[in-house]
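Everything below concerns the one structure shown next.
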Amino acid sequence: MSKKRRPLPGAGTPGKGRTEKNTGADLLNTDFTTPNGGGQGMRVSDFLMHGEENAIPAPVLALLYGYDRDTRKLRKEIDHEREQGELILASEHGYYLPSDNPTVAIQEIKQFVQRQDARLRSNRRALKGCKAILREHERQEVPGQVGPMEGGGEDV
């Protein structure tokens, strides 16, 4: 039984649906005519396919979008699209749209939320330690420093 294939992004209809596993290597050697930075109304999500098995690694996606592998610009664009309501998921394999299968899509969304929550918890733990050090530092007086009520200023 053959799997239904959709064209590669930029080849007629952009993304949104290949079903075979995508490693990104085939995309690196594809000639895309999309202008740099997405131009002409193209969005990052136009290059994405449905399902985690079709995730596109960030450096490849940045190249496709015209950012010359600049993943920082890519992440900013993805954040912008997410703020506009586009459901762009990410995993260790790259970026993708939820599966066309509603049951699988819900699982992918749950996994994405769990990964993001774990990142938030980790960042909060790191910040907690840094904030504690800063609070301790602020409590300590610097030798030779004159406090606001200890003179050094002119009497009014």
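Reading the sequence shown from the start, the letters are residues 611 to 766 in this note's numbering. Note that CB positions come from ideal geometry on N, CA and C, so glycine has one too. Since this is a predicted model, take the numbers as computed values, not measurements.
Delimiting residues of the alpha helix (DSSP H) encompassing residue i
i, result
"SER732", "712-749"
"TYR677", "Counting along the chain, TYR677 falls outside any alpha helix (DSSP H), and DSSP gives it neither H nor E."
"GLU687", "681-693"
Close Cβ partners of residue i (< 6 angstroms) along its chain, the five nearest in sequence each way excluded
i, result
"THR633", "Below a pLDDT of 50, predicted positions are generally treated as unreliable, and THR633, at 49, falls in that range; the measurement from the model is reported next regardless. Contacts found: none."
"HIS660", "GLY627, LEU707, SER709, ASP710"
"ALA672", "ARG679, ASP680, THR681, LEU684"
"ASN646", "For ASN646, the predicted model reports a pLDDT of 48, less than 50, meaning its position is unreliable and no value from the coordinates is stated."
"GLU696", "SER655"
"ARG731", "none"
Rounded straight-line distance, which links the Cα of residue j to that of residue i
i, j, result
"PHE642", "LYS686", "Because PHE642 carries a pLDDT of 48, less than 50, the predicted location of this residue cannot be relied on, and the following value inherits that uncertainty. Computed Cα separation, rounded: 22 angstroms."
"ASP689", "ARG679", "17 angstroms"
"LEU674", "PHE657", "8 angstroms"
"SER655", "ARG745", "43 angstroms"
"SER721", "ASN733", "The displayed chain sequence assigns Gln, not Ser, to residue 721. Near 18 angstroms, if we compare the C-alpha coordinates of ASN733 and GLN721."
"GLU718", "LYS738", "30 angstroms"
"LYS683", "TYR677", "7 angstroms"
"ARG572", "VAL723", "With the chain covering 611 to 766 only, the question about residue 572 has no answer from this structure."
"HIS747", "LYS741", "10 angstroms"
"ALA736", "THR713", "35 angstroms"
"GLN726", "ASN664", "20 angstroms"
"ARG749", "ILE743", "10 angstroms"
"GLU691", "ALA715", "19 angstroms"
Closest residue to residue i among the options (Cα-Cα distance)
i, options, result
"GLU662", "ALA728, ARG729, TYR705", "TYR705"
Residue range of the unbroken beta strand (DSSP E) whose run includes residue i
i, result
"ALA700", "699-701"
"GLY704", "704-706"
Proximity test, residue i beta-carbon vs the ligand SAM heavy atom, cut-off 7 angstroms
i, result
"ARG653", "For the ligand SAM, the structure offers nothing, since it holds no ligand at all."
At a cut of 8 angstroms, does the region 689-706 reach the region 660-668 through at least three beta carbon pairs?
yes
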